[in-house]
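Here is the structure we will look at.
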Amino acid sequence: MKSEITGITRANEGIQGISWNILGQTYVPKSNTEHSFSWHATLPPGTFVPPHIHPDQDEYLYMLEGKLDFMLGNSESQATAGDLIRLGMGVPHGIFNKSEQTAKVLFWVSPTRKLFDLFWGLHNMKEQKPEDVVAMAAEFNVHFLPPPPGG
1 MKSEITGITR ANEGIQGISW NILGQTYVPK SNTEHSFSWH ATLPPGTFVP
51 PHIHPDQDEY LYMLEGKLDF MLGNSESQAT AGDLIRLGMG VPHGIFNKSE
101 QTAKVLFWVS PTRKLFDLFW GLHNMKEQKP EDVVAMAAEF NVHFLPPPPG
151 G
């Protein structure tokens, strides 16, 4: 993978004009190198990222707008605009927009590994069925957790 190219990715643009639809959310990649991958995400009310683990990536979220609920390891928490969420390698986490407001977030992971390619694969699925999303994610070393009992 190449090194970062110095420059500006404009507010309403993704690198190379890319925008992905993943699980009802819009992801717009902002930078992509071997060391770090960042994207802007828009999470409408009622959308979520199911609990999962990145065994070989640290993940970060900077809340720009709205409020999100988090499952962080064995605890639950909330974050609002201005908060930074740190998700360490191997720590189970889930992200939920239980509010009535759209949340906007800057995400990034380090190192990049295969996440950029996973997002392309998920975006290109004709229908994002849960079992197919889980299977594809595992191929890219992102592991979704089983739903809780009664969930």
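If you count the sequence shown from 1, position 140 lands on 140 in UniProt numbering, and the numbers rise without skipping. All C-beta atoms, glycine included, are put in the ideal place defined by N, C-alpha and C. None of these values were measured; they are calculated from a predicted model.
Output yes or no for whether 9 angstroms exceeds the beta carbon distance between residue i and residue j.
i	j	result
F144	V134	yes
P29	I8	no
T102	P44	yes
M89	P130	no
F96	L61	no
Q78	L87	no
I22	Q128	yes
A11	Y27	no
W20	H123	yes
Once DSSP output is grouped into helix, strand and coil, what is the label at residue i?
i	result
P50	strand
D117	helix
H35	coil
P29	strand
E4	coil
V91	coil
V109	strand
D58	strand
I85	strand
I15	helix
L43	strand
N124	helix
E65	strand
E76	strand
Out of the options, point me to the one whose CA is closest to residue i's CA.
i	options	result
F48	G24, D56, L61	G24
P146	K114, I53, S75	I53
S31	T112, D132, D58	T112
S3	F37, Y27, W20	F37
G46	S75, G66, D58	G66
N74	A41, E59, V91	V91
K114	M136, N124, D132	M136
I33	T6, V142, W20	The sequence shown places Thr at residue 33, not Ile. If we check each option's Cα against that of T33, T6 comes out closest.
V142	M125, D58, T80	D58
Quick one: measure Cβ to Cβ for residue i and residue j, integer angstroms, because I've assumed they're closer than 8 angstroms.
i	j	result
V109	L64	Actually they are not in contact, since the Cβ atoms of V109 and L64 sit about 17 angstroms apart, beyond 8 angstroms.
H93	M71	6 angstroms
Say whether the stretch 109-126 touches the stretch 93-101, bearing in mind that this needs 3 or more beta-carbon pairs closer than 8 angstroms, one atom from each stretch.
no
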